[in-house]
Amino acid sequence: MRIIKNLLSACCLILVMNSCVKSINDDLSFVDAASAPDKLSVMFDITQDNTGLVTITPNGEGAVLYDVYYGDATTTPVSLTAGMKTTHVYAEGLYNVKVVGHAVNGKKTELIQKLTVSFRAPENLVVTWAIDAVNNFKVNLSATALYETAFKVFWGDVPNEPGQPFLEGQNVNHVYASVGAYTLRVVAYSGGAATTTYTTTVNIVDPVLIPITFESATVNYAFTNFGGATATKIPNPQINGINTSANVGRMVKNGPEVWAGALLTVGGNIDFSANKVFRMKVFSPRVGARVLLKVENLTNGGIFFEKEVTSTVANAWEDMAFDFRNINTGNTYSKVVIICDLGTTGDGSANFTWLFDDIRLTNQMPVGFLTLPVTFDMANVNYEVTDFGGTVSVPATDPTNGANNVKMTTKTGGAQTWAGSTIGAGFTSPIAFTATRTQMSIRVYSPAAGLRVRLKVEDRTNNARSVETEAMTQAANTWETLVFDFATPSNGTASMNLAWTYDMASVFFDFGNNGTGSVFYWDDVTFLTTNVIPNYLTLPLDFQSTTYPYPFVNFGGATATVVNNPNPSGINTSTKVGRIVKGAPEVWAGSFIDLVNPINFTVLRTFKVKVHSPRVGAKLLLKVENTTNPGQFFEKEVTTTVANAWEELTFDYSTIPFGFYSRVVLIFDLGTAGDGTANFTYYFDDISLN
28 MRIIKNLLSA
38 CCLILVMNSC
48 VKSINDDLSF
58 VDAASAPDKL
68 SVMFDITQDN
78 TGLVTITPNG
88 EGAVLYDVYY
98 GDATTTPVSL
108 TAGMKTTHVY
118 AEGLYNVKVV
128 GHAVNGKKTE
138 LIQKLTVSFR
148 APENLVVTWA
158 IDAVNNFKVN
168 LSATALYETA
178 FKVFWGDVPN
188 EPGQPFLEGQ
198 NVNHVYASVG
208 AYTLRVVAYS
218 GGAATTTYTT
228 TVNIVDPVLI
238 PITFESATVN
248 YAFTNFGGAT
258 ATKIPNPQIN
268 GINTSANVGR
278 MVKNGPEVWA
288 GALLTVGGNI
298 DFSANKVFRM
308 KVFSPRVGAR
318 VLLKVENLTN
328 GGIFFEKEVT
338 STVANAWEDM
348 AFDFRNINTG
358 NTYSKVVIIC
368 DLGTTGDGSA
378 NFTWLFDDIR
388 LTNQMPVGFL
398 TLPVTFDMAN
408 VNYEVTDFGG
418 TVSVPATDPT
428 NGANNVKMTT
438 KTGGAQTWAG
448 STIGAGFTSP
458 IAFTATRTQM
468 SIRVYSPAAG
478 LRVRLKVEDR
488 TNNARSVETE
498 AMTQAANTWE
508 TLVFDFATPS
518 NGTASMNLAW
528 TYDMASVFFD
538 FGNNGTGSVF
548 YWDDVTFLTT
558 NVIPNYLTLP
568 LDFQSTTYPY
578 PFVNFGGATA
588 TVVNNPNPSG
598 INTSTKVGRI
608 VKGAPEVWAG
618 SFIDLVNPIN
628 FTVLRTFKVK
638 VHSPRVGAKL
648 LLKVENTTNP
658 GQFFEKEVTT
668 TVANAWEELT
678 FDYSTIPFGF
688 YSRVVLIFDL
698 GTAGDGTANF
708 TYYFDDISLN
């Protein structure tokens, strides 16, 4: 019926065409006389993208209609009028495509044409794989290709491997069970029979890495021996003391070379970015044996760094420390070299046999107990400190005296406000503080004046028992001796308790500020057997110092300065005094000065101030405040009894509540506005606690 309809359509088309001519010819016998379609053919156009899309175009003479049978599972043909084409998606294979041509009178001719659909093999196969940065037994892989539909990877570590499928853009990984060389294959599939294969060899190794412990069963500790020495991994023959591990390294030094030793090449460059102190456990045959630890560049032996340490015990394990803090981290190093008794020819005997183990990097040299004073000058004394919070301390030479050894501490950029350094492991005996001997001193070479330096002492067995105090630098780039009085503890810290033991000290440079890379030199940490007047702002205030300023802060219209004594007579013949000129507008105009540490009111609670007043009956308000909490204060007011002469005023602070008071405030004639004249000019001196 469908064919009849199509033929009728074709006939109607012919009739319409004939109706357009002026002379109507009703004779249709020529239609019946038409012959069957002849010279049938079919053209196939197969796309080259492995989709299986085929364009089919039938041709022939005398055919007005074509039926195309695709030859696959599709049973219903598609009908095309002459000149038309059809498309169809095929799977890869061989097909018999049948074309039936129909003439206008219903006559037909058939043609069967073979169609071969084969997909092209994938092209431009790129496989990206790498050993995992964390797990040396893990391989990460991905792939790309043109004309592929899927991938499979064959890792090569099991027989009859089915392969792991994955798609482009997908990452896959595999963990090998053991070291070895494995044939890795990646197959790119086209969607048909054509494939493209990538093959490579993956070498799974367990490289030597820092720390070197000799405990891995898969690591090949392949020593390179030289000069007559032989190093090997062996079971630990001395499982005792600080080393109970199962395996160690052993070096036997023979002749002929005095530099005989061995090296290990590690997997990758040694990371010195944070840790620059090597530690190694060594079992030496004798006291005084020397162990050289050296690192070298992989390809250039001229790039190296080395340190030598002498054994202090014989036939026992000790943990040696090699200070690499001055290594040039701009270079790369991947060889670890060990030479025992450099300069001496070995004989291969027990006297030239060393055990070594646990080669590791740390950020701290070992510390030892010290005896005050700490001078950094004595040979064979371990003056190492423990840095924390972002400080870095190293031995250094006095910047003004090349013969003097000091410590140099850098408060690195971004270091914590509380960054500091603990001196050694503590002191061999407690600091001998008493009620009248409460001070220590440190010589400091500071980059700037006005920087706070805090010193903390504590019980090394109980750090809850501590006391802290501060001094302030008075000069830049010159040596000065800072005095720390623990009788005046820092704001917010515990008071000194003479019943406690203090046998450890820590120093904090530029305390309270983050690090900016400032460098401090320091020396001669000393306990003072006799208290002295500290060289920073503290009580008593006598205004005689020429090394540091008296930074008054004025308010309300008053101005305080240090001037020459206008009347050096009577009870005050000193050369320098303080002066306040009270101007307008505020009746509460005055000045204050901040001390480095809070005032110690534990025992003494009476203030005395020498005053030179312009008139009898002038009032002086003496007030103390907490610098971080001005709401915590105490004040007393006393009236002058003489004019234009020195007198000593006494202020009773016996009822002052506990607090941290380090600000001293002076207000003359509170409640009266000053005019800045001589009648409102006051002199004061020797502010002391009694």
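Residue numbers (my numbering): 28 to 717. Every residue gets a Cβ at the ideal spot worked out from N, C-alpha and C, and that includes glycine.
Can you tell me whether residue i is buried or exposed, with buried defined as 16 or more other CB within 10 angstroms of its CB?
| i | result |
| --- | --- |
| V510 | buried |
| G110 | exposed |
| A705 | exposed |
| A289 | buried |
| K141 | exposed |
| T565 | buried |
| R313 | exposed |
| N562 | buried |
| L647 | buried |
| D76 | exposed |
| K483 | buried |
| S468 | buried |
| M523 | buried |
| E495 | buried |
| K49 | Note that K49 has pLDDT 39, beneath the 50 cutoff, so the model's placement of it is unreliable and the number below is only indicative. Label assigned to K49: exposed. |
| P516 | buried |
| A204 | exposed |
| N267 | exposed |
In angstroms with no decimal places, state the Cα-to-Cα distance between residue i and residue j.
| i | j | result |
| --- | --- | --- |
| I626 | N431 | 36 Å |
| K663 | L693 | 10 Å |
| L173 | A446 | 59 Å |
| K434 | F454 | 17 Å |
| D537 | I560 | 22 Å |
| G583 | P641 | 20 Å |
| R632 | T682 | 8 Å |
| Y248 | L291 | 7 Å |
| Y709 | D404 | 52 Å |
| T488 | V166 | 50 Å |
| E613 | N594 | 28 Å |
| Y688 | V651 | 6 Å |
| T699 | G617 | 12 Å |
| Y97 | L121 | 11 Å |
| E333 | V363 | 10 Å |
| G87 | P64 | 7 Å |
| V180 | D72 | 34 Å |
| A256 | G207 | 30 Å |
| I330 | V232 | 27 Å |
| I51 | V131 | Low local confidence applies: a pLDDT of 42 at I51 is under 50, so the model's placement there is unreliable, with the coordinate-based value given in what follows. Roughly 20 Å between the two C-alpha positions. |
| Y216 | P186 | 22 Å |
| T586 | G686 | 28 Å |
| G542 | V623 | 20 Å |
Identify, in the order they occur along the chain, each residue of the same chain with its Cβ nearer than 6 Å to the Cβ of residue i, setting aside the five sequence neighbours on each side.
| i | result |
| --- | --- |
| K637 | N599, W673, E675, D712, D713 |
| V127 | D94, K135, E137 |
| V590 | R606 |
| R690 | F619, D621, E652, T654 |
Candidates the options: which alpha carbon is nearest residue i's?
| i | options | result |
| --- | --- | --- |
| P474 | W549, A452, N409, F460 | W549 |
| T437 | L152, F403, G429, S420 | S420 |
| F201 | S601, P189, I158, P234 | Note that residue 201 is His in the sequence shown, not Phe. It is I158. |
| L555 | T463, T224, W506 | T463 |
| A100 | L92, N123, G89, V91 | N123 |
| G440 | N490, W182, S545 | S545 |
| E718 | L525, T210, L194 | Outside the displayed span of the chain (28 to 717) sits residue 718, for which this structure offers no information. |
| V91 | N252, A61, L168, I237 | A61 |
| V214 | F193, P234, M307 | F193 |
| I366 | D551, G686, V318 | V318 |
| E195 | I266, F415, T418, E175 | E175 |
Counting only the same chain and skipping the five closest in sequence on each side, list residues whose C-beta sits under 8 Å from that of residue i.
| i | result |
| --- | --- |
| W527 | D486, R492 |
| F299 | F351, I354, T356, Y360, L388 |
| F707 | V608, K609, G610, P641, F695, D696, G701 |
I'd like the list of long-range same chain contacts for residue i, defined as Cβ closer than 7 Å, with 5 residues on each side in sequence excluded.
| i | result |
| --- | --- |
| N162 | V202 |
| G644 | T666, T667 |
Query raised in the report: Quick one: any contact between the segment 489-507 and the segment 457-474, if contact means 3 or more CB pairs under 8 Å?
Result: yes
Query raised in the report: Does the count of Cβ pairs from the segment 358-378 and the segment 271-287 closer than 8 Å reach three?
Result: yes
Requested in this report: Could you tell me whether the segment 305-319 touches the segment 328-342, where touching means 3 or more Cβ pairs closer than 8 Å?
Outcome: Between the segment 305-319 and the segment 328-342 there are three or more C-beta pairs closer than 8 Å, enough to call the two in contact.
**Report entry** Cβ contact (3+ pairs, closer than 8 Å) linking the segment 113-121 and the segment 70-89
**Finding:** yes
**Report entry** Segment contact flag, the segment 221-228 with the segment 146-163, C-beta cutoff 8 Å, min 3 pairs
**Finding:** yes
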